[in-house]
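In our numbering, the protein residues as written are 5 to 260.
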């Protein structure tokens with residue numbers, strides 16, 4: 005059967021980006037020795053593991069560890085150094101190099117759409133496109149916890165705010181060899197959680213299609229919670245979506 009090449013292209017392009025961005029990180033966290041003698045001690049990877057979301061802690065979502073085969077932080081590229089904090093966030097990482105970091109993927113637990121057809125191949129063009137969009141219409145969020153010595157968390161959050169001003173017209177960044185073109189970055193109203201927060205929407209160019217990505221960074225004392233959300237089905241259907249409030253609330257509750 006003949007299907008819309010635009011639908012297939014969008015699904016493949018965005019799906020590829022999803023696999024790259026939402027596997028980025030460390031499955032059980034990483035840490036390094038802090039330098040100097042700061043007045044505030046960073047949490048260790050083990051301490052962050054106790055504080056990050058776990059399965060069963062967010063109603064309607066599944067929580068999983070992030071894959072081990074992910075690119076490391078030093079593999080993330082940015083066409084403009086001022087935009088690097090945003091490039092990190094859009095690959096599921098903290099905006100600045102932390103003392104310790106750990107990540108999880110939080111996926112909306114949504115039932116697959118039902119249809120009398122036994123497979124996608126049995127559907128007519130119109131129904132195929134509709135079923136494809138519906139099946140992929142779910143929020144997938146990368147949640148990253150990172151901890152810093154001294155005022156490192158405050159400085160990292162400020163770096164995100166500064167990058168939003170410097171990179172409003174876009175940049176190119178991401179894992180080396182798989183960089184994405186971001187054409188526009190816009191600050192949006194954050195959740196207001198924690199001791200400070202910054203949220204933004206990035207518009208990416210995927211084979212000529214504009215795809216919005218959503219992110220928020222929240223500071224809890226000297227720890228940052230970084231949220232990055234994609235919804236492929238919403239992108240394909242032109243629907244709006246955002247970083248799920250339920251995910252931010254659940255993670256914020258664990259951080260106190």
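Positions of the beta carbon are idealized from the N, C-alpha and C atoms, including for glycine.
Curious, which full-length alpha helix (DSSP H) runs of at least 4 residues does the region 77 to 102 contain?
88 to 93
Skipping 5 residues on each side, what residues in its chain have a beta carbon closer than 7 Å to that of residue 47?
104, 151 and 227
Just the C-alpha distance for residue 93 and residue 217, rounded to the nearest angstrom, thanks.
11 Å
Measuring only the C-alpha atoms, how far is residue 52 from residue 187?
34 Å
Which full runs of the beta strand (DSSP E) of 3+ residues lie inside the region 200 to 247, going along the chain?
200 to 210, 213 to 224 and 227 to 234
8 Å CB neighbourhood of residue 252 in its chain, flanking five on each side removed
195, 197, 220, 222, 229 and 231
For the region 141 to 186, which segments carrying the alpha helix (DSSP H) assignment without a break, of at least 4 residues, lie completely within its bounds, in sequence order?
156 to 170
Take the Cβ of residue 180 as the centre, count every other Cβ of all protein chains shown within 10 Å, and call the residue buried at 16 or more, exposed below.
exposed
Residue burial classification, residue 68 (beta-carbon count within 10 angstroms, cutoff 16):
exposed
Using beta-carbon positions only, say whether residue 168 and residue 224 come within less than 8 Å of one another.
no
Collapsed DSSP secondary structure at residue 53 in the structure displayed:
helix
DSSP has residue 107 in a bridge; who is on the other side?
148
Can you have a look at residue 76 and say buried or exposed, based on whether 16 or more other CB atoms are within 10 angstroms of its CB?
exposed
Residues in the same chain with beta-carbon distance under 6 Å from residue 91, minus the five sequence neighbours each way, listed in chain order, please.
80, 82 and 177
With 16 other Cβ atoms within 10 Å as the buried cut-off, status of residue 235
buried
Distance between beta carbons of residue 102 and residue 89, contact taken as under 8 Å:
Actually they do not touch by this definition, with Cβ atoms about 12 Å apart.
Given a cut-off of 8 Å on the beta-carbon distance, is the pair residue 261 and residue 45 in contact?
The first residue shown for the chain is 5 and the last is 260, placing residue 261 beyond what the model contains.
Inter-residue Cα distance where the pair is residue 154 and residue 191
27 Å
Rank 66, 175, 212 and 199 by C-alpha distance to the C-alpha of residue 162 and give the top, closest one.
199
Keeping to the same chain, check which residues put their C-beta closer than 6 Å to that of residue 165; ignore five residues upstream and five downstream.
202
Is the distance from the Cβ of residue 141 to the Cβ of residue 64 below 8 Å?
no
Status (buried if at least 16 other CB within 10 Å, exposed otherwise) for residue 115
exposed
Nearest by alpha-carbon distance to residue 108: which of 175, 145, 84 and 184 is it?
145
Which residue comes first and which comes last in the beta strand (DSSP E) that contains residue 66?
65 to 69
CA-CA distance, residue 257 and residue 59?
15 Å
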